[in-house]
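Just below is one structure, and these are the notes that go with it.
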Amino acid sequence: MAEISEAPSTLDPDFDQENMRKSKPGLKRLTLSLAVLFSFLLGLPFLLKSIEIYRSPLPFREIDDLSTAFESSPILFPCHFRAVFVNFDPNSYTADQLSISVQAHMAKFAAKNSLACGTCASNVTVSVTLDSNSNCISNGNNVDWKCGALNEFKFAEKHEDGLLDEYLASLCDNNSGAKVYTVVVVKTEQEEVRAVVGKYRHAWIMGRIFEEEAIEKIAEIFVNVFVNGGKEEGLIHGEFMPLGADGRIVLSFNLLNADPHNWIYDWDFQEIDENLLSPVIDALKPLADVSVESQVLYHTPKSSFSFWDDRLDSYIFSTKDLPFFVNSNEWHLDTSVAAGGLSKILQFVVYVPSAKECPLQLQLPNGEISTTNGFISPMWGGIVVWNPSACLMDSKIKHPLRYKISSEDSRKLFEVFMGQLRQLFGLKSDGLFVGASGTSILLASERGFSEWELDVLSRQHSCFNLLQCGTTLGSLSRLVQSLPRMIIMDDIGKQVKYSLEAARLTLSNASLGIYDASAESSRQARLLAEDAFYHPSMMSVSYYSFEHCFAVYSPFFLPVLLHVLLAVLREWKRYKQESKKYYAWKAKVK
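Residue numbers (this note's numbering): 3 to 592.
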């Protein structure tokens, strides 16, 4: 009724109907529009929460600190050294003077690989004992030594190296549990000076030798043999041992009959495994989880060519042919199911040539025939060409005979394989160390690896694993921080946490000189880091960006939100115009 009374403009000639109004504009339509807009805005946090990426918290600072520490400073191990001088004049040099001289010469030999990762700390001390039969003089760092204990041995007899090695092992054994490397120098009337490194943690030097020469030999054995494993350089950079990232290794032994129409050979591998391989596997337990498999294959010719040599009366293949020897098309060697994943598989092949190229010999670059008739391929394995006695028989046999490789031949083949395995691990296979002060004999162990060699491998393996662990965790940290939309599951966070704990445990064991435990914990640290980096849950969404999320949801919400915003702007504009009309009328009335 109010609007009907106000409608006629003739009643109030001063009232402009287009620019004035007498009632205050209502807020109902504007309120409804704003309510719809606010409902969208209030639902936005719930929308963002629904598309939120779950990220388990990672200790980025700890990862960066650990990675930087591994890369900036080498990992050093405490080493204990002892030198025993037997039948030397105690008035010429005191024990302290000899200790200082040995340390000075050790520093000179260690200068080539100063602070190399996996070596011993630079601040080492050398315990020196002067044993003059029944009287012993030692410096302050002495480890117990029984005076006159070596008088009952006749050191001139070379065939007693094995017996002397065992006897010194009983003398050098200490109850403290620390790994002490000992060099015993025995001054005799023998002109020849012999240096022998035993299969435990000791060596001995015998002959007519003076203090100055003995000091140099002792220092070289300490640094270049006991610390660096007989290599002049320090730690080999990169993957120096044929081990997988998970610390597992599969030794695959293959007997290949090139042409079974001539002859067929088999072997008793169970006997080889039980008698020859078991000690080696036990020795490598601190370093790797070793498994063994074997197979016999037929129709497996080689890819390279050989030629007949009348002078040698055999077929010859040279070192130039070695890259083409393996026939990857016919040699189906990778049959192991257990070697999947991060494990490493090493192939050891016994190649039995056909009658058309038997006997087959490997000729070295100097023109001589190889004594082992085998060669290695780094990170792949080794091959031995075995010429059977049937080479002398008539090769044109309609029905080929079956043979079995004898136990003696199997043992010889295994000795070659053992040398190849040592080479693959970066150790010497010839049993000799040629240094600046002379040649030293390295006694072979029934386990394939002597105790001091296992110490070297443990130290270097721990060092390499920690470097890989730090690199992998550092890469993971940078990747996660660069991709905010990457999913980080709890499993990844736990693996990173446990990897850091294992790395700290490795450093603790290394500082205490516990080589075996440090190698095992470092292997665990690297494995956990690799598992975290290659976790399948995050690889599929590594590039799931916010732009992708916007592109998915904008077709659903953007059109509706745009209409709501336009409605609110339209109602706000209308409300401002109507309010202006009302205030214009109020001003007119006043």
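Glycine included, every Cβ here is placed at the ideal spot set by N, Cα and C. Since we're looking at a predicted model, the values are computed, not measured.
Extent of the continuous beta strand (DSSP E) run through residue i
| i | result |
| --- | --- |
| phenylalanine 451 | Element bounds for phenylalanine 451: n/a, residue is neither H nor E. |
| alanine 71 | No beta strand (DSSP E) holds alanine 71; the alpha helix (DSSP H) holding it covers 62-74. |
| tyrosine 169 | Taken as a continuous stretch (DSSP letters only), tyrosine 169 belongs to no beta strand (DSSP E), being part of the alpha helix (DSSP H) at 163-174. |
| valine 227 | Unbroken run through valine 227: none, as it is neither H nor E. |
| phenylalanine 435 | 434-437 |
| tryptophan 265 | 265-268 |
Bridge partners - residue i, DSSP secondary structure assignment
| i | result |
| --- | --- |
| tryptophan 310 | Tyr317 |
| isoleucine 371 | Gln365 |
| aspartate 133 | Val88 and Cys138 |
| tyrosine 300 | Asn259 |
| threonine 441 | Val436 |
| phenylalanine 79 | Cys122 |
| valine 128 | Phe83 |
| glutamine 19 | Note: glutamine 19 sits in no beta bridge, so no partner. |
| threonine 184 | Arg84 and His204 |
| lysine 189 | Gly209 |
Buried versus exposed call for residue i [16 or more other C-beta atoms within 10 Å across all chains shown]
| i | result |
| --- | --- |
| proline 355 | buried |
| serine 94 | exposed |
| glycine 45 | exposed |
| asparagine 259 | buried |
| leucine 373 | In the sequence as presented, leucine is not what sits at residue 373; that position holds threonine. Answer is exposed; the Cβ neighbour count stays below 16. |
| leucine 237 | With a pLDDT of only 39 at leucine 237, under the threshold of 50, the placement of this residue in the model should not be trusted, and no figure is reported. |
| serine 581 | exposed |
| threonine 474 | buried |
| histidine 239 | Note that histidine 239 scores a pLDDT of 44, beneath 50, so its modelled location is shaky; the value from the coordinates is reported in the next line. Histidine 239 comes out exposed. |
| serine 544 | Confidence at serine 544 is low in this model, with a pLDDT of 49, below 50, so the placement of that residue should be treated as unreliable; the coordinate-derived value is given next. Counting Cβ neighbours within 10 Å, serine 544 comes out exposed, since fewer than 16 surround it. |
| glycine 526 | Per the sequence shown, residue 526 should be read as glutamine rather than glycine. The residue in question, glutamine 526, is buried, as its Cβ has 16 or more Cβ neighbours within 10 Å. |
| isoleucine 516 | buried |
| serine 479 | buried |
| tyrosine 183 | buried |
| tryptophan 147 | buried |
| glycine 383 | buried |
| glycine 476 | buried |
| proline 486 | exposed |
| tyrosine 56 | exposed |
| tyrosine 317 | buried |
| glycine 472 | buried |
| valine 591 | exposed |
| valine 126 | buried |
| phenylalanine 228 | buried |
| tyrosine 267 | buried |
| glycine 433 | exposed |
| glycine 164 | exposed |
Distance between beta carbons of residue j and residue i, contact taken as under 8 Å
| i | j | result |
| --- | --- | --- |
| cysteine 393 | proline 367 | Actually they are not in contact, since the Cβ atoms of cysteine 393 and proline 367 sit about 25 Å apart, beyond 8 Å. |
| serine 408 | glycine 246 | Not a contact, Cβ separation roughly 34 Å. |
| asparagine 141 | alanine 97 | 4 Å |
| tyrosine 405 | isoleucine 385 | Contact flag wrong, Cβ pair sits at about 20 Å. |
| serine 447 | glutamine 349 | So it is not a contact: roughly 24 Å between Cβ atoms. |
| serine 305 | phenylalanine 319 | Serine 305 to phenylalanine 319, Cβ: 11 Å. No contact. |
| leucine 469 | phenylalanine 72 | 5 Å |
| isoleucine 251 | proline 262 | Not really, about 31 Å apart at Cβ, beyond 8 Å. |
| tryptophan 269 | serine 412 | 6 Å |
Cβ pair residue i, residue j closer than 8 Å
| i | j | result |
| --- | --- | --- |
| valine 86 | valine 187 | yes |
| leucine 423 | valine 387 | no |
| alanine 180 | histidine 204 | no |
| glycine 440 | alanine 197 | yes |
| serine 464 | alanine 512 | yes |
| leucine 426 | glycine 231 | no |
| methionine 22 | lysine 583 | yes |
| threonine 121 | leucine 78 | yes |
| methionine 381 | alanine 221 | no |
| valine 225 | leucine 257 | no |
| phenylalanine 90 | lysine 219 | no |
| alanine 534 | valine 570 | no |
| glycine 376 | valine 418 | yes |
| tyrosine 202 | serine 452 | yes |
| phenylalanine 42 | valine 554 | no |
| serine 129 | proline 92 | no |
| arginine 2 | asparagine 467 | Within the shown structure, residues of the chain are numbered from 3 to 592, placing residue 2 beyond reach of any answer. |
| isoleucine 217 | valine 195 | no |
Delimiting residues of the alpha helix (DSSP H) encompassing residue i
| i | result |
| --- | --- |
| asparagine 137 | Segment 137-140 is the beta strand (DSSP E) holding asparagine 137; no alpha helix (DSSP H) there. |
| leucine 509 | 492-514 |
| serine 101 | 97-112 |
| tyrosine 202 | From DSSP, tyrosine 202 is part of no alpha helix (DSSP H); its letter is neither H nor E. |
| valine 418 | 409-426 |
| aspartate 284 | 280-285 |
| tyrosine 517 | 517-535 |
| phenylalanine 271 | 271-274 |
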